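Written out below as structure tokens is the structure these notes cover.
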Amino acid sequence: MNFDLVIRGGEVVDPGSGLLGRLDVGIRGGVIAAVDRALPSEGVGATLDAAGQFVTPGLFDLHTHVYWGATYWGIEPDPIAARTGVTTWLDAGTVGSYSFPGFRRHVVEGSQARVLALLNVSSIGLIAPTHEVANLDYCDLGLAHRIVEANRDVILGIKARIDANTTRGVGLEPLRLARKLADQVALPMMVHVAKAPPLLGDIFTLLRPGDILTHCFTGQDNRILEPDGRLKDFVRRAWDAGLVMDIGHGTGSFSYEVAERMLAEGMPPDVISTDAHQLSIQGPMFDMPTTLSKFLNLGMSLPDVIERATARPASAIRRPDLATLKPGAPADVAVLALEEGDYTFHDVFMNARPGKVRLAAKATVRAGKPMTPQPAPPRAPWAELPEHQRVR
Numbered sequence: 002m003n004f005d006l007v008i009r010g011g012e013v014v015d016p017g018s019g020l021l022g023r024l025d026v027g028i029r030g031g032v033i034a035a036v037d038r039a040l041p042s043e044g045v046g047a048t049l050d051a052a053g054q055f056v057t058p059g060l061f062d063l064h065t066h067v068y069w070g071a072t073y074w075g076i077e078p079d080p081i082a083a084r085t086g087v088t089t090w091l092d093a094g095t096v097g098s099y100s101f102p103g104f105r106r107h108v109v110e111g112s113q114a115r116v117l118a119l120l121n122v123s124s125i126g127l128i129a130p131t132h133e134v135a136n137l138d139y140c141d142l143g144l145a146h147r148i149v150e151a152n153r154d155v156i157l158g159i160k161a162r163i164d165a166n167t168t169r170g171v172g173l174e175p176l177r178l179a180r181k182l183a184d185q186v187a188l189p190m191m192v193h194v195a196k197a198p199p200l201l202g203d204i205f206t207l208l209r210p211g212d213i214l215t216h217c218f219t220g221q222d223n224r225i226l227e228p229d230g231r232l233k234d235f236v237r238r239a240w241d242a243g244l245v246m247d248i249g250h251g252t253g254s255f256s257y258e259v260a261e262r263m264l265a266e267g268m269p270p271d272v273i274s275t276d277a278h279q280l281s282i283q284g285p286m287f288d289m290p291t292t293l294s295k296f297l298n299l300g301m302s303l304p305d306v307i308e309r310a311t312a313r314p315a316s317a318i319r320r321p322d323l324a325t326l327k328p329g330a331p332a333d334v335a336v337l338a339l340e341e342g343d344y345t346f347h348d349v350f351m352n353a354r355p356g357k358v359r360l361a362a363k364a365t366v367r368a369g370k371p372m373t374p375q376p377a378p379p380r381a382p383w384a385e386l387p388e389h390q391r392v393r
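Numbering (my numbering), first residue to last: 2 to 393.
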């Protein structure tokens, strides 16, 4: 059997497909051709030595902002992908109907990393920091429906940011419109929560099984916990019914207090994502390996953490063909090292927690080809972290 590339000697961790153990991964024609012990060395084009490291499906980040050069939040995916193991980036509503054609040509088709999208219910998307749904004239459902139907290979859901800043007096109406659009196109809806109003209980009346609540462990007004630390009853019912709970770390949405409480209750998040954007990549989020490391140091196992950054996000947007090492799947692979030491991690409030391990990506393989490290592009001139989040 001939292979273009064999990743040898690593510990495969792919809980979603049940592939675990010291296995070689053989790649041919941009797809996974074989996963087995000691694949033959004859007819191999190239070898990647993964001894002492973990080999996982390419990481799948369910919440990112990658419409770079055209929006407030957008970053270039490839330079970060190459150094973090993230091969699939779901743009979480940076793009709206008016700007989707440019997004498709310049980001989706112009990136080596795979880029998929949630379409913002606002036709202007996230061209500015916020307020995109405050003018309901921008919520053009007819146009959005046509954009989805013409781009179903890329658009896998609908996004609405529902908080005090984005809505600015129009209440739940943008969410009602997003609900209507998601139902019309039969796709899941991702809803961002943060500062009230609207209130979390009112937001939950419009969520359905299979929808995604991002920033699920937020420490802001619309946190999922009661003042005494109990999980709100309506949150528990929706979660049990199939609502997907996604971290979306970002710069305003991950609280150690909430995370520790939920993990103590045996209720980890369904998905671990970064909310990678112009601010969050400066800290305290930084990148996917750092975000995953926070949960490892909170006591989650490596397989559980990896599953929440591979199979589970892929399932949440109905693409189980992605983020797997099953033969026949796209050859997207991450090689990760688990480094021991004394580390300090922070949530968005700069609450610190010590850690003894951290994940570091050693190689990113996309469609069978190792990604070449690239210099970090300059940050946008407006992308200044608030003083309290500047990690020294």
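Quick reminder that beta carbons are idealized off the backbone N, C-alpha and C, glycines included. Computed from a predicted model, the values in this text were never measured in an experiment.
The DSSP-derived three-state label of residue 203 is helix. Around the beta carbon of residue 377, fewer than 16 other beta carbons sit within 10 angstroms, so the residue counts as exposed.
Restricting attention to beta strand (DSSP E) runs no shorter than 3 residues, the stretch 17 to 45 encloses them at 20 to 23, 25 to 29, 32 to 37, ordered along the chain. Judged by DSSP secondary structure, residue 368 falls outside any beta strand (DSSP E); it is assigned neither H nor E. Separation of the CB atoms of residue 14 and residue 55 is rounded to 5 angstroms, and the pair is thereby assigned contact status at 8 angstroms. Out of 337, 33, 148, 84, the CA that lies nearest to the CA of residue 327 is found in 33. Fully contained in the stretch 46 to 107 are the following alpha helix (DSSP H) runs of length 4 or more, in chain order: 78 to 85, 101 to 104.
Taken atom to atom, the span from the alpha-carbon of residue 339 to that of residue 360 is near 5 angstroms. Following the DSSP letters along the chain, one finds residue 15 in no alpha helix (DSSP H) but inside the beta strand (DSSP E) bounded by residues 12 to 15. The shortest CA-to-CA distance from residue 115 to any of 123, 121, 105, 124 is the one to 105. DSSP places residue 308 in the uninterrupted alpha helix (DSSP H) bounded by 303 to 308.
Distance from the Cα of residue 99 is smallest, within the candidate group 67, 29, 122, for 122.
Within the stretch 217 to 278, complete alpha helix (DSSP H) segments of at least 4 residues are found at 234 to 242, 257 to 265, given in chain order.
Put simply, the backbone Cα of residue 369 is about 6 angstroms away from that of residue 28. The stretch 208 to 228 makes contact with the stretch 181 to 190; the number of CB pairs closer than 8 angstroms reaches 3 or more. Inside the stretch 96 to 165, DSSP marks whole alpha helix (DSSP H) runs of 4 or more residues at positions 101 to 104, 142 to 151, from first to last along the chain. Residue 337 has 55, 362 as its beta-bridge partners, per DSSP.
DSSP places residue 215 inside the beta strand (DSSP E), whose first and last residues are 213 to 215.
Nearest in C-alpha terms to residue 278, of all of 37, 68, 17, 6, is 68. The C-beta distance from residue 286 to residue 251 rounds to 6 angstroms, short enough to meet the 8 angstroms contact threshold. When secondary structure is reduced to three states using DSSP, residue 311 falls in the coil class, being assigned neither helix nor strand. Of 363, 388, 138, 382, the smallest CA-CA separation from residue 81 is found for 363. Sequence-distant Cβ neighbours of residue 274 in its own chain, meaning closer than 6 angstroms and more than five residues away, are 62, 63, 64, 247, 248, 249. Here residue 352 has 257 as same chain residues with Cβ atoms under 6 angstroms from its own Cβ, once five neighbours each way along the sequence are excluded. Here residue 337 is actually not in contact with residue 97; their C-beta atoms are around 35 angstroms apart, not less than 8 angstroms. In the three-state reduction of the DSSP assignment, residue 171 falls in the coil class, being assigned neither a helical nor a strand state.
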